[in-house]
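Q:
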Amino acid sequence: MPQPLQSDSTAQTARGNWPLPARLLASVLILLYLAVVILPPLAGPPPASELAGVMLQPFRPLVGSLALSHGYRFFAPNPGPGHSIRWTMTTADGSRKTGLTPDAKADWPRLLYHRRFMIPEKLAAFVPLPEAPAEIRQEAVRDWQPLVEDIATRLLARHGGREVSLDLIEHYLPDTFEVREGRGGDDLVMPLGRYRWREEASR
Amino acid sequence: MTATTDKRISATGELTWAATWVDGWNRFWFTPSEPLLLAVLRILTGSLLTWSSLVWLLDAEGFFGSTAWQAADNVWRMNDQPWHWSWYFSAGSAGSITLLATVSLLAAVLLTVGLATPLAAVIALAGYVSAVNRAPLNTFGFDDALGLLLLPLAIGPAGARLSLDRLLWRRAEPVVPRVSATVALRLIQVHLCVVYFFSGAGKLFGASWWEGTALWGAVANTQYRTLDLTFLAWHPLLTNALTLGTLFWEFSYPALVWPRLTRRLVLALAVLVHLGIGLAMGMMEFGLAMLVANMAFLPPSLSLKGSGPESGISPPSSSIDAHS
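Sequences listed follow chains A and B, in order.
For the first sequence, position 39 matches number 39 in our numbering, and the numbering has no gaps at all.
For any residue, its number in our numbering is found by taking its place in the second sequence, counting from 1, and adding 1000.
#1: Is there a Cβ from chain A that is less than 8 angstroms from the Cβ of Met975 (chain B)?
#2: To test your reading of the DSSP string, which unbroken alpha helix (DSSP H) runs of 4 or more residues are found completely within the stretch 61-128 of chain A?
#3: Under 8 angstroms, with one C-beta from each stretch per pair, do the stretch 146-163 of chain A and the stretch 1061-1079 of chain B reach the 3-pair mark?
#4: Which of the residues in the stretch 58-71 of chain A, read from start to end, lie with their CB under 9 angstroms from any CB of chain B?
#5: Our contact map puts Gly82 (chain A) next to Gln1223 (chain B) with C-beta atoms below 8 angstroms; I'd like the distance itself, whole angstroms only.
#6: What are the residues in the stretch 1079-1091 of chain B lying within 7 angstroms of chain A by C-beta distance?
#7: How do the stretch 67-78 of chain A and the stretch 126-143 of chain A stand: do at least 3 beta-carbon pairs fall below 8 angstroms, yes or no?
#8: From the DSSP secondary-structure annotation, give me the bridge partner or partners of Asp167 (chain A).
#9: Whole angstroms is fine: what's the gap from Ser1303 (chain B)'s alpha carbon to Leu1037 (chain B)'s?
#10: For the alpha helix (DSSP H) holding Asn17 (chain A), just list the boundary residues, first then last.
#11: Bridge partners for Ser1033 (chain B) per DSSP, in chain order?
#12: Should the stretch 1153-1160 of chain B be called in touch with the stretch 1034-1052 of chain B, which here means at least 3 C-beta pairs below 8 angstroms?
#13: Three-state secondary structure (DSSP) at Leu20 (chain A)?
#14: Taking only three categories from DSSP, how would you classify Arg1171 (chain B)?
#15: Could you pull out every residue in the same chain whose Cβ sits closer than 8 angstroms to the Cβ of Val1183 (chain B), ignoring the five residues on either side in sequence?
#16: Out of A:Met190, A:Arg23, A:Leu56, A:Pro146, state which residue places its alpha-carbon closest to the alpha-carbon of Asp167 (chain A).
#17: In the DSSP assignment, what are the bridge partners of Gly161 (chain A)?
#18: Spatial neighbours of Asn1240 (chain B) within its chain, please: CB distance less than 6 angstroms, with the 5 preceding and 5 following residues excluded, ordered by chain position.
#19: Using 10 angstroms around the beta-carbon of Gly1217 (chain B), count the other beta-carbons present and answer buried if the total reaches 16, otherwise exposed.
#20: Given that Ser84 (chain A) touches chain B, what residues does it touch there, using C-beta distances under 9 angstroms?
#21: Are there three or more Cβ pairs, one per stretch, closer than 8 angstroms when the stretch 1286-1302 of chain B is compared with the stretch 1141-1148 of chain B?
#22: Is Ala1120 (chain B) near Leu1110 (chain B), with beta carbons less than 8 angstroms apart?
#23: If we ignore side chains and look at the alpha-carbon of each, how far apart do Thr1243 (chain B) and Pro102 (chain A) end up?
#24: May I ask you to list, following chain order, the residues of the stretch 1235-1248 of chain B that have a beta carbon less than 7 angstroms from some beta carbon of chain A?
#25: Going along chain B in order, which residues have a C-beta closer than 8 angstroms to the C-beta of Thr153 (chain A)?
#26: Mapping DSSP to helix, strand and coil, what is Arg1077 (chain B)?
#27: Within the continuous alpha helix (DSSP H) that includes Ala1101 (chain B), where are the two ends?
#28: For Thr176 (chain A), return the contacting residues in chain B, with the cut-off set at a CB-CB distance below 7 angstroms.
#29: Is the separation between the beta-carbon of Phe1064 (chain B) and that of Arg1171 (chain B) shorter than 8 angstroms?
#30: Taking the continuous alpha helix (DSSP H) assigned at Leu1288 (chain B), which residues delimit it?
#31: Given a threshold of 16 other Cβ atoms within 10 Å of its Cβ, counted over all protein chains shown, does Phe1251 (chain B) qualify as buried or as exposed?
#32: Counting contacts by CB-CB distance shorter than 8 angstroms, is Leu129 (chain A) in contact with chain B?
#33: Does any residue of chain A bring its CB to less than 8 angstroms from the CB of Ala1228 (chain B)?
#34: Report the three-state DSSP secondary structure of Arg196 (chain A) (helix, strand or coil).
#35: What are the residues of the stretch 1251-1283 of chain B that lie near chain A, defined by any Cβ-Cβ distance shorter than 8 angstroms?
Put into structure tokens, the structure is as follows:
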């Protein structure tokens, strides 16, 4: 037998507090919420079916309004290598600065580090590896360059810079046998370009 | 004659089947429950949101300003504009951005202490949505978990217990079980099952999860690592067991968390997995937020009496409990 939380009489009284029309309305709203919870991870990230994408369409306003467009693919399909952005800057007074984003020493507390850590992690999804065909790398520039321009703008504004060059670093992920043998590998370096304030560039 | 009788029996059977579904749905969503657990979830979620809001505020210009890590007019590249609204899109100055981030922080504090709780919950939700929709480049699983908790807290009677609202204005009122408390807890439970299902299903694509080496990928990633577990390189079978155990636990969670027989085990493993991620990978906030969401499966009255395998933990009752 089902086990209600309260006695039958209490449950009946409370159910009486929510009459049939209220329960019907609540049921519709619950189903609507379940739809906006289930459809986004079904529709993406790839691979995803066209059907899921079509079904998601009418719910896009609600998904966006409640910030529910998650894929929930934590550490999937495989935990991959970590990434950083290495930058070299010329400041307004002509001196040079270098740094990393995220910076484990400066970015404190850890949650702030993690929010900045997500920048190169998400950027890496747009930047093809150096061994990718030149055509693909060229096409991808249109996707990642606007994001990198924003990152460069942030770094220049934050550090009082005049010009900054950036590299995306993919940190080598050693295998277990490499660790056992005390070996490692080289990080991958993917140049992201040199950036300066627009007014300086136009001079 | 026989055919007519058979037809009638069949129709009755279908009606009974449909009525069972309706009754099950009603019991699952609309059986009233104590608001105590929801109040505890409010305090814990509010505390995490307060911390998150404080950290957003530490670099408000960098996350939401005109020279942010991602410019406002580039946000569409990572989310679905115009639906992913944010109040930061209309903030023109550094002062207004700081003000809005401070409003989010204050709403989170009020939610935690339970003062003007319904209003605080709605503003806290709006502040959360505004932050994650404005700065998608800086969000991760912690934010997903907070979102999972905040909407149900705004719907349910989260301030009915353990709140300043109750202390100041409703001290004499008896605490009665509420249907809205059940709806809120159920939304968290079901949403959490969706999260684990897709997270587990996504891992089934990965060879390293099948090979039992995925955990090593997380351990060896120096950008994440806060605890040196590289000794696992000398214990591949242990790595295999931990990886496969995590995969099986996550993928089976949506099914095994409901029967009384397995619920305690599944929740105990959730504590190990999420505290492990929190300690070893420096994502304690994510781990804690997921554990808070898991707490929705505790008894709503938080009474341990009768929570043994025989009587079953009934977080609010469900027809699934009945069959377990």
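Every residue gets a Cβ at the ideal spot worked out from N, C-alpha and C, and that includes glycine.
The structure displayed is predicted, hence computed values, not measured ones.
A: Let me spell this out:
#1: Outside the shown range of chain B, which is 1001 to 1324, sits residue 975 (chain B), and nothing can be said about it.
#2: 110-124
#3: yes
#4: Arg60, Pro61, Leu62, Val63, Gly64, Ser65, Leu66, Ala67, Leu68, Ser69, His70, Gly71
#5: 3 angstroms
#6: Asn1079, Asp1080, Trp1083, His1084, Trp1085
#7: no
#8: A:Arg86, A:Pro191
#9: 10 angstroms
#10: 8-17
#11: B:Arg1178
#12: yes
#13: helix
#14: coil
#15: Trp1029, Phe1030, Pro1152, Ile1155, Gly1156
#16: A:Met190
#17: A:Thr91
#18: Gly1212
#19: buried
#20: Gln1223
#21: yes
#22: yes
#23: 28 angstroms
#24: Pro1236
#25: Thr1067, Ala1071
#26: helix
#27: 1094-1113
#28: Trp1216, Ala1233, Pro1236
#29: no
#30: 1284-1294
#31: buried
#32: no
#33: Strictly speaking, residue 1228 (chain B) in this sequence is Asp, with Ala absent from that position. False, the Cβ-Cβ gap to chain A never drops below 8 angstroms.
#34: strand
#35: Gly1282, Met1283
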